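Trainee: Per the working numbering, the sequence shown starts with residue 7, numbered consecutively. Would you mind keeping the following structure in view while I ask a few things?
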Amino acid sequence: MSALVYERPAGFRFNLQARAVSKDVELRLSEAPTPLPIEGNITLSVNIGLNYCPFCGTELKTLVTSSTRKRFETLADEHKKIDDPPW
Ligand SMILES: [Zn+2]
């Protein structure tokens with residue numbers, strides 16, 4: 007489970023993400039002909055958009071200030087390597 011931040015034109019967006027496989031493997035499996043060679047069902051990844059911290063209720067966008075913006079930008083660049091959703 008990870009908390010990811012994305013930088014978009016309208017500002018930063020946050021996601022809580024769980025994944026069974028890496029993004030590369032997810033893409034490969036998504037393009038494979040079905041049925042996949044597994045028994046049962048598997049959830050490759052789950053994303054939940056976050057506006058508030060699930061632990062303390064802090065509105066996440068309030069954490070982005072002039073003194074923290076650069077660190078969020080750096081984090082968003084790093085997280086692009088993990089996942090870069092189209093929105
Ligand atoms: Zn919190």
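Ideal Cβ positions, reconstructed from N, Cα and C, are used throughout, including at glycine. Treat the numbers as computed from the prediction; the structure is a model and nothing was measured.
Do Q23 and V52 have their beta-carbon atoms positioned less than 8 Å apart in this structure?
Mentor: If you check the CB distance, V52 and Q23 come in under 8 Å.
Trainee: Could you check if T64 belongs to the surroundings of ligand 1, using beta carbon to heavy atom distance under 7 Å?
Mentor: yes
Trainee: Comparing the CB of F102 with every heavy atom of ligand 1, is any distance shorter than 7 Å?
Mentor: Missing from the structure shown is residue 102; the chain here goes from 7 to 93 and no further.
Trainee: Between the Cα of F78 and those of F18, E32, R25 and L50, spot the shortest distance and give me the residue it belongs to.
Mentor: F18
Trainee: Give, in chain order, every unbroken run of the alpha helix (DSSP H) that is at least 4 residues long and sits entirely within the stretch 16-41.
Mentor: Along the length of the stretch 16-41, whole alpha helix (DSSP H) runs at least 4 residues long occupy 29-37, reported in chain order.
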